[in-house]
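Residue numbers (the numbering used here): 812 to 1825.
Dropping the structure here:
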């Protein structure tokens, strides 16, 4: 059995004795090799700083400007006070008379030796603020240029404003194809003040690439940023200065407890016998609560099956105060079966502060030389090239028969007894996808194909999302205006035609109003450049921003569509609208503090009005009290303010003639305060979002991901548990965004699991984010677009059938909790066993319910979530499926037996003729596993892409067999299908002793046909 394990946040031996995450079938499917960029080329990759004079120590001849740097504006070398820097630093000063100072350095790009570049240094900021309404700041940027000088990409690494002392910074960026040179720039762009830089360095590659004979990545904490491999608990942070270099790790606790920084290490099994662990340590008032408590370092070892081997190595503990850095060392015996380790830097069962730096684990192999860190490549010897799925889907995949075209024939959507119902009494449930940004404006020719494909996938609802995205070309706004108050005629024409094609095929529309709108100079918006995209938070109370939202809604919803001959407000194919995307006044105080000045001023005025209404003298209050969002009194203010926003926009839309259900916002409440859910429940439906393994550090291929399977990730973390506790009884519940994004390798579990448990929890809508319709794509490049992910889009027809046909029964028992109950009070395994809902009012929490922990079997008996074995089985009359970890023997369901050899897969047997599987004459067997681009390279822990690869897309074949009883049926053929459902060959199935056995491995899906009864 191959299953991933999760490390506990704390345990009996200070947090590292819980099982680690594992590489999937490391011995079978991964080739772990020493770090490099192909062959011996790694030796040519410079590990030293590639910049000239990054410490600004050397001046140009006869000038104060630094040698090697091109400077402009007020730049000068000044004496440096930075620990870890040299004697000199570079100061940029910006005034209204001399703005925009800049220092830059250009280098030739060393591709193909490096696929990324990392920059780091020290910075100190004084009185930096934007010029006027601008969005200026002190910043570091990296630009890539082609050989002819054309800018290919410009990436802002870091930005700063305000005032602070020396601090370290770092960042990494992928080198785009075609780059011949890069430019690193330090600048004060559209901002006033001073920024001083020191010890700036540029390294080819990622932090993982350097000091490869240290098995610990970035043991000096110089590159801790969103791409870092270090996992930091609350109370652990990177600080300046360090014992060596610029930074160190600080772990601090006011009360006795546990906090740690952890890193997972992977090495070839039996390659290490001994290792030397060294680190620097400093302490301040560390006091242990119990024997064995204090500052310590622990190292635990694991075999390839995720089982602990040997005893954890503990160095320490230490307590008291140690004001100067002291080096520590420990010789470590490595168990022969160990293939990975978990390193923990800890403050355990203690309070005080401990600092760590220079952490190093150097190991000698059997032959003597130091062992190097590894990288991981998947063994793709048996993987198949996936051809693009172009053209109409053939009958086995075509799920358009589940739809009821044209959309709108049953009248407008309404809400009745907490459920969606059309005007004529027809119940409504929705399964579909988001369409994102520019994909909402296809050409007429593409719109026809796109709408047809969506219908054939079984989608009866699409959410037209990010129409206002400033990065999209086109978007909804007319580019010739310096405002966002004119809608583009061409964009509207494309959108209108697309809506008409969707409507004709039975696909309904969900429209959102404010998502990523970036206001412009002509909008009359104060500090418009400083507002975030979508004007998060401020949009919910600022009068001008609300006025502009109303105008946009009016222009969009009341314009005439010449293809449908309706306006959207009178179009029954439009069924849902939400007011604002992923914005909430229940956010943390940091979001409020980051608001531009004019919006802080507006908020303070509203706070004063609220206090007056409550009969409170503002003079008796702390001036910053309104930022204390955890204060119950302050929460009353924000509850009132958010409700007022919802009511105002809701009333305005109703005044336009919009009669369909309206939602407020959709940001997941789990990261907010519980009152946020209550305000949303006052509208017509609740909409929520959640993702499994959302990329960290941005978007694209240079991101961190934990790479765990959703099934093995712990019930409290997966979307089903997190979403279920946000449903409110008596209010329709829609999940308008979910996904398991790329590069997570276990995306295949998503479609069936989400469709099954959405049905079990009786949700009213489920929308995958996103399907942008690039059917000709030969490479996965978008983290979320499943139209390029075969393991997802090939399962959508089966998932749609499961959802639309209500294959999974709703839970027989629903446990109700007060709407203001803390999420942590609800057992995370409960949504896998029973229904869950919140109730308004003063309802008492239900009594505790005794439940077995594994497997979690639904009270309908149709779903079994087996976390220990890493899989879920689905057994209904017309669907038999197993998703997750396989390869440990036959898995018997009531109507089929799955003998799957592939370690991880989704295998789904579904009836195509509405009959139960045992008597169906027409079955679809979908078998998908992992997919990746050709040439993909991971880091050793498979949590970062060192190289995201090229086309074509490859998929692991699912090997094994599926057998089922004939039940008197006579098979007439088993056919291997391509990605459109077209028959490409006949498969030699075995028929004996009253059963049929279908061998797997030839295709991604199979059509099984039996003779029709005479």
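Glycine included, C-beta positions come from ideal geometry on N, C-alpha and C.
Three-way DSSP call (helix, strand, coil) for residue i in this model
{"i": "residue 1380", "result": "helix"}
{"i": "residue 1827", "result": "The first residue shown for the chain is 812 and the last is 1825, placing residue 1827 beyond what the model contains."}
{"i": "residue 753", "result": "Examination of residue 753 is not possible in this model, given that the chain is present from 812 through 1825 alone."}
{"i": "residue 1257", "result": "helix"}
{"i": "residue 1459", "result": "helix"}
{"i": "residue 1628", "result": "strand"}
Length of the line joining the Cα atoms of residue i and residue j
{"i": "residue 832", "j": "residue 1536", "result": "With a pLDDT of only 37 at residue 832, under 50, the local geometry of the prediction cannot be trusted, and the value read off the model is given with reservation. Straight-line Cα distance between these residues: approximately 27 Å."}
{"i": "residue 1023", "j": "residue 984", "result": "20 Å"}
{"i": "residue 1437", "j": "residue 1425", "result": "14 Å"}
{"i": "residue 891", "j": "residue 1508", "result": "31 Å"}
{"i": "residue 761", "j": "residue 1190", "result": "There is no way to answer for residue 761, as the model of the chain reaches only from 812 to 1825."}
{"i": "residue 784", "j": "residue 1604", "result": "Nothing can be reported for residue 784: it is not among the residues displayed for the chain, which extend from 812 to 1825."}
{"i": "residue 928", "j": "residue 988", "result": "13 Å"}
{"i": "residue 1484", "j": "residue 1552", "result": "27 Å"}
{"i": "residue 1254", "j": "residue 1036", "result": "41 Å"}
{"i": "residue 1031", "j": "residue 860", "result": "16 Å"}
{"i": "residue 973", "j": "residue 997", "result": "17 Å"}
{"i": "residue 1499", "j": "residue 1308", "result": "29 Å"}
{"i": "residue 1099", "j": "residue 1107", "result": "11 Å"}
{"i": "residue 1711", "j": "residue 1096", "result": "57 Å"}
{"i": "residue 979", "j": "residue 969", "result": "11 Å"}
{"i": "residue 1318", "j": "residue 1233", "result": "14 Å"}
{"i": "residue 1126", "j": "residue 1442", "result": "42 Å"}
{"i": "residue 1576", "j": "residue 1013", "result": "48 Å"}
{"i": "residue 1274", "j": "residue 1516", "result": "26 Å"}
{"i": "residue 868", "j": "residue 915", "result": "16 Å"}
C-beta contact flag for residue i and residue j at 8 Å
{"i": "residue 1619", "j": "residue 1570", "result": "yes"}
{"i": "residue 1812", "j": "residue 1770", "result": "yes"}
{"i": "residue 1802", "j": "residue 1787", "result": "no"}
{"i": "residue 1133", "j": "residue 1094", "result": "yes"}
{"i": "residue 1453", "j": "residue 1396", "result": "yes"}
{"i": "residue 1381", "j": "residue 1468", "result": "yes"}
{"i": "residue 1026", "j": "residue 1174", "result": "yes"}
{"i": "residue 967", "j": "residue 1757", "result": "no"}
{"i": "residue 1563", "j": "residue 1610", "result": "yes"}
{"i": "residue 1743", "j": "residue 1760", "result": "yes"}
{"i": "residue 933", "j": "residue 1020", "result": "no"}
{"i": "residue 1206", "j": "residue 1792", "result": "yes"}
{"i": "residue 1316", "j": "residue 1266", "result": "yes"}
{"i": "residue 1477", "j": "residue 1389", "result": "yes"}
Burial state of residue i, where buried means 16 or more other Cβ atoms lie within 10 Å
{"i": "residue 1147", "result": "exposed"}
{"i": "residue 1051", "result": "buried"}
{"i": "residue 1449", "result": "buried"}
{"i": "residue 958", "result": "exposed"}
{"i": "residue 1142", "result": "exposed"}
{"i": "residue 1725", "result": "exposed"}
{"i": "residue 1215", "result": "exposed"}
Closest by C-alpha distance to residue i, when choosing among the options
{"i": "residue 942", "options": "908, 915, 916", "result": "908"}
{"i": "residue 1773", "options": "1824, 1703, 1753", "result": "1703"}
{"i": "residue 1594", "options": "1292, 1339, 1581", "result": "1581"}
{"i": "residue 1334", "options": "1102, 1414, 1294", "result": "1294"}
{"i": "residue 1644", "options": "1761, 1665, 1633", "result": "1665"}
{"i": "residue 1492", "options": "1464, 1457, 1516, 1611", "result": "1457"}
{"i": "residue 1600", "options": "1139, 1348, 1722, 1764", "result": "1764"}
{"i": "residue 1238", "options": "1277, 1573, 1736, 1301", "result": "1573"}
{"i": "residue 1151", "options": "1465, 863, 1107, 1078", "result": "1078"}
{"i": "residue 1101", "options": "1321, 1559, 1130, 1408", "result": "1130"}
{"i": "residue 1283", "options": "1759, 1257, 1326", "result": "1326"}
{"i": "residue 1345", "options": "1285, 936, 860, 1360", "result": "1360"}
{"i": "residue 1715", "options": "1558, 1503, 1072, 1193", "result": "1558"}
{"i": "residue 976", "options": "1587, 1096, 939", "result": "939"}
{"i": "residue 1118", "options": "1321, 889, 1153", "result": "1153"}
{"i": "residue 1241", "options": "1567, 1231, 1112, 1472", "result": "1231"}
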